[in-house]
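Chains as they are written, first to last, in our numbering: chain B, 53 to 358; chain R, 53 to 358.
Here's the structure we're looking at; comments come further down.
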C-alpha cells in the first residue's frame, strides 16, 4: 500500500470583489449586519468565467507557485462541485483537455458541499491500491448566479476553486477518513440543476455543530491520535458561527478564511489548504483534520499526516 | 486486501415501450431502417418517472429477486448517470433516504456514458482497502426527454436503470481495471445540463471500434489471462454495428441486449449483468470483461472473476 502526500496546491478566486457593506446597502440592512452573523467581509463573484475557467485557473496557480510544475504525469483527475455546467464531457475531462494530459483517468464527484472530502478520499484509495500515482483533486463552485432572490444565501456564498496534487509515496504517512451520509432532513440544504440554492439555516446550524463534533471524536478514536497533536482542523468554511462552535467543542486550532471568501462550497477546503501551505502554517509530518459537512446530508473528515 | 464479489443484481425499465417501427412511421423512414442500422427493436421511455424512481426500482428488483435481501448493511452507495436531475441532494443520497439506510457513504459519479465502469472501479477500491464491505453501485439514465429533435439520437436511446451489490470477501478473486480518458475529440458526444444530446455517429464509431479493442488487448496483457478464457465481454450497449465489430476484432463472446432496450448509457452494463445472472449465463469463477466507452471521451474495461 502506498501513502499519499500533498505535493502542491493552488487556488483561484474570480476578479469581482463583493463587499458585505455593499450587499447591506442594497438590501437596506444595518452596517455590519452580515459580518456579525457570518464572519464574512468579502467574497468573489464570477462574471463571464465558467466553472471550467475557475478550475483551470486554480491549477495554473498551482503550476506557477511550484516552479512551473509539470503536470503531464498526472494519471487521475477528480473534481467536486455542486454547480456543474456540463453533463458530458464533464469538468474533469475539460481540465484534462485544457492541459493536454495523456493517459489519465477522469471523473467528477457529486456529493454536496462536502464533496471535496469524498473526491480526496477516492483519490487516496486509488493511490493506496497502487492504481494511481499522481492525482489532481479539484474543488470548484459558482454559487453567485442564483442567490439574489434570497438574502439568507446571498450574504453567505461566493465563487472559487482550489486544487491539490497528491502523490503516491512509499514512506508511511497516516491517513484515516470517516465519511457518512445522513438520510434524514436531506431537504434542509438543496441545489437544483439550475443551481438555485435553498437553505434552512437553523437546521444546518444544528447539524453542523453537533454531527461534526461527533465525527471528529470518532476519527480521533479510530486513529489512536491525541486531539492535542492535531495541528489544525481545516473545515469547510460555511459560517463563522458554526466554525467557532466546532472549535470550542473540539478544542483544536482551526484555520478560517471565510472573512475574505465567504462560503465557496466544494472550493473552501482546497483554498484553505493552499493558504496554509502558502503561509507556512503547516509543515512536513504535521497532522491535520479536513472536515466537510453540508447538503446530502453529507459529513466527512480526513485525518492525515502532511 | 479484500476481493469483490457480485452478490446480487437488479434492473428496471420504465413502462412505456417504444417500437422502432413506430419511430419509423412517425419519421417516414422505410420499414426496418432502424433495426438494420442499430440492432434495436424496442426501447423504454419514462413518462412520469424520475431518474430517482428508475434507480430505486432497480434496487427493489434486486431485493425481490434475492429472497427479500436485506440491504441495511450497505455501507456505500455509488451512482452513475449523465442525466442527473438534482445537484444536491444528488441521486445516491436519495436512494439512501428511500431505503432508510444508516451509516452509509454516498456519492454520485459523472463520467459520461461509461461512468458505470468508473463507479464500479471506485467501489472496488473501497473494498480492496477494507474501507467498505457492501457497496451498492447503480447506473441510471433518462435519455428520452430531449431526443425528438434529432433522429440520429432518437433511434438509439432509451431509459433504464441497473444495479449491482458488491461484497468484500476474503477469498482471492481476480480484478483488474484499465480506465483512461481521451482529451482529443471530446465534442463528438455531448450532453448538456438540460440533457440535450449531440452525437457525431461516424466519429463515435471510429473511436468505439478501435480504442476499445486496444484497451481489451492491454487488460488481457496486464492480467496475464488468455483471451479464450474470457467467458463474456459485457459491453456498453451502444449500437449493434459497434458491438459486432468489437466482437469480431477480439474474438470473445459478447452479451448483447440492445435489441430490446436500445442504448441506455450508464444503465446498459448493469442491466446486461443482471440478465446474465438471471439467465444463468455466468457462474462462480467465470472470468468476464466489462467494457465501457463513450462521451468524455472515456473508455474503460474491468476484467473480473465472478
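For every residue, glycine included, the Cβ atom is placed at its ideal position computed from N, Cα and C.
Asked                                                                                                                                                                       : Found
How about residue 103(B) and residue 137(B): do their beta carbons lie closer than 9 Å?                                                                                     : yes
For residue 389(R) and residue 333(R), what's the separation of their Cα atoms in angstroms?                                                                                : Residue 389(R) is absent from the structure shown; chain R starts at 53 and stops at 358.
Counting only C-beta atoms, is residue 118(B) closer than 9 Å to chain R at any point?                                                                                      : no
Who are the Cβ neighbours of residue 108(B) in its own chain at under 7 Å, not counting the five residues just before and after it?                                         : 147 and 150
Return the CA-CA distance between residue 89(R) and residue 210(R), expressed in angstroms with no decimal places.                                                          : 16 Å
Using a threshold of 9 Å, state whether the C-beta atoms of residue 65(R) and residue 96(R) are closer than that.                                                           : yes
Contact check, residue 347(B) vs residue 165(B) under 8 Å by CB: the rounded distance?                                                                                      : 5 Å
With a threshold of 9 Å between beta carbons, is residue 356(R) in contact with chain A?                                                                                    : Any reference to chain A falls outside this structure, whose protein chains are B and R.
Have a look at residue 217(R) and residue 199(B) and give me their C-alpha separation to the nearest angstrom.                                                              : 39 Å
Consider the Cβ of residue 290(B): report whether some Cβ of chain R lies at a distance smaller than 9 Å.                                                                   : no
Thinking just about the alpha-carbon of each residue, which of 153(R), 167(R) and 63(R) is nearest to the one in residue 117(R)?                                            : 63(R)
For residue 329(R), which of helix, strand or coil comes out of DSSP?                                                                                                       : helix
If I'm right that residue 234(B) touches residue 355(B) with Cβ under 8 Å, what's the distance once you round it to whole angstroms?                                        : Contact doesn't hold; Cβ gap of about 20 Å is too wide.
Looking at the C-beta of residue 158(R), does it have a partner C-beta in chain B at a distance below 9 Å?                                                                  : yes
Return the bridge partner residues of residue 256(R) from the DSSP annotation.                                                                                              : Residue 256(R) is not bridged to any residue.
Is residue 343(R) near residue 268(R), with beta carbons less than 9 Å apart?                                                                                               : yes
So which residues of chain B does residue 247(R) contact, with C-beta pairs closer than 8 Å?                                                                                : 139
So is residue 136(B) in contact with chain R if we call contact Cβ pairs under 9 Å?                                                                                         : yes
How many angstroms separate the CA atom of residue 239(R) from the CA atom of residue 284(B)?                                                                               : 43 Å
Would you call the segment 173-191 of chain R and the segment 292-303 of chain R touching, i.e. three or more CB-CB distances under 8 Å?                                    : no
Quick check on residue 136(R): does DSSP put it in helix, strand or coil?                                                                                                   : coil
Using 8 Å as the cut-off, classify the Cβ of residue 251(R) as near or not near the heavy atoms of the ligand ADP, replying yes or no.                                      : In terms of ligand content, the structure shown is empty, and the ligand ADP therefore cannot be addressed.
For residue 69(B), write down the residues that DSSP places opposite it in a beta bridge.                                                                                   : 96(B)
In chain order, what residues of the same chain lie with their CB nearer than 6 Å to the CB of residue 330(R), ignoring the 5 residues before and after it?                 : none
Which residues, in order along the segment 296-321 of chain R, keep a beta-carbon less than 8 Å from a beta-carbon of chain B?                                              : none
Do we get a CB-CB distance below 9 Å when we pair residue 337(R) with the residues of chain B?                                                                              : no
I need the DSSP call for residue 167(R), collapsed to helix, strand or coil.                                                                                                : helix
By Cβ distance below 7 Å, which residues in the same chain neighbour residue 223(B) in space, the five residues on each side in sequence not counted?                       : 55
Which same chain residues end up closer than 7 Å to residue 204(R) when comparing Cβ atoms and leaving out the 5 residues on each side of it in sequence?                   : 251 and 253
Between which two residues does the beta strand (DSSP E) containing residue 251(B) stretch?                                                                                 : 249-251
Please list, in chain order, all residues of the same chain as residue 168(R) whose beta carbon is under 7 Å from its beta carbon, the five residues on each side excluded. : 132, 191, 318, 321, 322 and 344
Specify, as a first and last residue, the run of the alpha helix (DSSP H) that residue 114(B) falls within.                                                                 : 103-117
Nearest by alpha-carbon distance to residue 61(R): which of 113(R), 74(R) and 106(R) is it?                                                                                 : 113(R)
Exposed or buried, which one is residue 92(R) when buried takes at least 16 other CB atoms within 10 Å?                                                                     : buried
Please name the residue in 276(R), 229(R) and 72(R) whose C-alpha comes closest to that of residue 171(R).                                                                  : 229(R)
Could you pull the DSSP bridge partners for residue 322(R) from this structure?                                                                                             : According to DSSP, which records beta bridges pairwise, residue 322(R) is partnered with nothing at all.
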